[in-house]
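S.K.:
Chains as they are written, first to last, in our numbering: chain A, 116 to 251; chain B, 417 to 559.
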């Protein structure tokens, strides 16, 4: 049952990405192009998501445990350090260059565009490189 | 090239993304951050306890496009043909999300919804570098 819930969540997440336009790199880059062919749609994606997640998380915070796990894994890190800033800065450069972030890239993978497949392969390599570089 | 402004579809799609994030926390007690979910499946230090849920979630992601297509929905999608740039972009996205501990979903949606100062700063940082990158790519280098 917990597997089906995860599969359904992934499916709903990706349908949301496709319907909203996030899975279209051109639309993402147009959102980021304030001085050119600006398309403000993606601000509505972020707004819509937070409109649901913020009250949802607020309610879940008061629950004792999740349905299929023993405890909630709420993130506990609060430090704003060089790692957070440099990682996020590099992530933003890649997001701007490709118009893809991880969720939309995986969602667009079955459309089998050569660029998407190369992006995803490079993204997985980037994660592995980072994990090896910062392995404790 | 212009894309159509789609406030209602984007708002509705965003709400589905938010719903999925709430389901993952309610059911599995985890943040629906895609880079994190993918990272747990990759070496070194594969998080074996998280493998089944992560694979199922990614399976769901991969099913959406074929499912919508089979229902007759045409998802508009324009991917750049500049393959070397996409490889560099992919490396930066994977490396950066891993080092910065989150991406658009983990910091952007889930972190902001938790009112996490760390995630808000991360989101502002990657939004800023993304805006600057597109400006440079389209209006300086590509002008």
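Glycine included, C-beta positions come from ideal geometry on N, C-alpha and C.
Leaving aside the five residues before and after residue 151/A along the sequence, list all residues of the same chain whose C-beta is less than 8 Å from its C-beta, in chain order.
M.R.: Taking the first residue of the first chain as position 1, residue 151/A is located at position 36. Excluding sequence neighbours, residue 151/A sits near 145.
S.K.: Starting from the beta carbon of residue 490/B, find every residue of chain A whose beta carbon is closer than 8 Å, and list them in chain order.
M.R.: Mapped onto the second chain, residue 490/B falls at position 74. For the C-beta of residue 490/B, not a single chain A residue is nearer than 8 Å; the gap to the nearest is close to 10 Å.
S.K.: Return the chain-ordered ranges of every alpha helix (DSSP H) run that is complete within the region 443-485 of chain B and spans a minimum of 4 residues.
M.R.: Runs of the alpha helix (DSSP H) inside the region 443-485 of chain B: 450-455.
S.K.: Quick one: does residue 142/A have its CB under 8 Å from some CB of chain B?
M.R.: The residue you call residue 142/A lines up with position 27 of the first chain. So yes, residue 142/A belongs to the interface.
S.K.: Tell me the DSSP secondary structure of residue 203/A in three-state form.
M.R.: Numbered from 1 along the first chain, position 88 holds the residue referred to as residue 203/A. In this structure, residue 203/A counts as helix in the three-state DSSP scheme.
S.K.: Which residues, in chain order, does the region 506-523 of chain B contribute to contact with chain A at a C-beta distance below 9 Å?
M.R.: Cβ contacts with chain A come from 506, 507, 508, 509, 510, 511, 512, 513, 514, 515, 516, 517, 518, 519, 520, 521, 522 and 523.
S.K.: Which whole-angstrom value is the C-beta distance of residue 233/A and residue 502/B, which I expect to be below 8 Å?
M.R.: As a working note, residue 233/A is residue 118 in the first chain. As a working note, residue 502/B is residue 86 in the second chain. The Cβ separation is near 5 Å, so the contact holds.
S.K.: Counting along the chain, where does the alpha helix (DSSP H) carrying residue 530/B start and finish?
M.R.: For the purposes of this step, residue 530/B is identified with residue 114 of the second chain, where counting begins at 1. No alpha helix (DSSP H) holds residue 530/B; DSSP gives it neither H nor E.
S.K.: Tell me the start and end of each unbroken alpha helix (DSSP H) in the region 159-228 of chain A that is at least 4 residues and wholly inside, in chain order.
M.R.: 197-213 and 217-223
S.K.: Given this structure, state the Cα-to-Cα distance separating residue 223/A from residue 533/B, to the nearest angstrom.
M.R.: For this step, residue 223/A is matched to residue 108 along the first chain. For this step, residue 533/B is matched to residue 117 along the second chain. When rounded, the separation of the alpha-carbon atoms in residue 223/A and residue 533/B is 31 Å.
S.K.: Between residue 450/B and residue 218/A, what straight-line distance do the alpha-carbon atoms span, to the nearest angstrom?
M.R.: Taking the first residue of the second chain as 1, we reach residue 450/B at position 34. Taking the first residue of the first chain as 1, we reach residue 218/A at position 103. Taking the straight line from one Cα to the other gives about 6 Å.
S.K.: Would residue 147/A pass as a contact of residue 547/B if the rule is Cβ separation under 8 Å?
M.R.: Sequence index remark: in the first chain, residue 147/A carries index 32 (1-based). Sequence index remark: in the second chain, residue 547/B carries index 131 (1-based). Yes, they are a contact pair.
S.K.: How big is the Cα-Cα spacing for residue 492/B and residue 216/A?
M.R.: For this step, residue 492/B is matched to residue 76 along the second chain. For this step, residue 216/A is matched to residue 101 along the first chain. Their backbone Cα atoms lie some 17 Å apart in a straight line.
S.K.: Do you know whose CA, among 550/B, 507/B, 544/B and 519/B, lies nearest residue 243/A's CA?
M.R.: As a first step, residue 243/A must be located in the first chain, where it is residue number 128. For residue 243/A, the closest alpha carbon among the candidates 550/B, 507/B, 544/B and 519/B is that of 507/B.
S.K.: To the nearest angstrom, how far is the alpha carbon of residue 464/B from that of residue 123/A?
M.R.: The sequence position of residue 464/B within the second chain is 48, counting from 1. The sequence position of residue 123/A within the first chain is 8, counting from 1. If you take the alpha carbons of residue 464/B and residue 123/A, they lie about 21 Å apart.
S.K.: Distance, Cα to Cα, residue 117/A vs residue 185/A?
M.R.: As a first step, residue 117/A must be located in the first chain, where it is residue number 2. As a first step, residue 185/A must be located in the first chain, where it is residue number 70. If I take the Cα positions, the gap works out to 12 Å.
S.K.: Does the beta carbon of residue 440/B come closer than 8 Å to any beta carbon on chain A?
M.R.: Stepping through the second chain from its first residue, residue 440/B is reached at position 24. For residue 440/B, the nearest CB of chain A lies under 8 Å from its own CB, placing it at the interface with that chain.
S.K.: For the 8 Å Cβ check, are there 3 or more pairs between the region 201-215 of chain A and the region 475-490 of chain B?
M.R.: These segments do not touch.
S.K.: Report yes or no: do the region 438-448 of chain B and the region 168-180 of chain A share at least 3 C-beta pairs separated by less than 8 Å?
M.R.: yes
S.K.: Tell me, please, whether the CB atom of residue 495/B is closer than 8 Å to any CB atom in chain A?
M.R.: Against the second chain, residue 495/B aligns to sequence position 79. By this cut-off, residue 495/B is an interface position.
S.K.: Pick out whichever of 180/A, 165/A and 240/A has its Cα sitting closest to the Cα of residue 523/B.
M.R.: Taking the first residue of the second chain as 1, we reach residue 523/B at position 107. Closest by alpha carbon: 165/A.
S.K.: So what does DSSP say about residue 234/A, is it helix, strand or coil?
M.R.: Within the first chain, numbered from 1, the residue matching residue 234/A stands at position 119. Helix at residue 234/A.
S.K.: Residues in the region 148-179 of chain A with C-beta within 7 Å of chain B's C-beta atoms, listed in sequence order?
M.R.: 148, 149, 150, 151, 152, 154, 155, 156, 157, 159, 160, 161, 162, 163, 164, 165, 166, 167, 168, 169, 171, 172 and 175
S.K.: Considering only residues of the same chain and omitting the five flanking positions on each side of residue 58/A, which have a CB-CB separation below 7 Å?
M.R.: Since the first and last residues shown for chain A are 116 and 251, residue 58/A lies out of range.
S.K.: Here's the rule: buried if 16 or more other CB atoms are within 10 angstroms of the residue's CB, otherwise exposed. What is residue 525/B?
M.R.: Here the question's residue 525/B lines up with position 109 in the second chain. Buried, because 16 or more other Cβ atoms sit within 10 Å of the Cβ of residue 525/B.
S.K.: Touching or not, the region 468-479 of chain B and the region 124-140 of chain A, by the rule of three or more beta carbon pairs under 8 Å?
M.R.: Result yes; three or more Cβ-Cβ pairs closer than 8 Å.
S.K.: Taking beta-carbon pairs under 8 Å, can you tell me which members of the region 220-245 of chain A lie near chain B?
M.R.: 220, 221, 222, 223, 224, 225, 226, 228, 229, 230, 231, 233, 234, 235, 236, 237, 238, 239, 240, 241, 242, 243, 244 and 245
S.K.: Who are the Cβ neighbours of residue 516/B in its own chain at under 7 Å, not counting the five residues just before and after it?
M.R.: Numbered from 1 along the second chain, position 100 holds the residue referred to as residue 516/B. Taken in chain order, the residues that qualify are 538.
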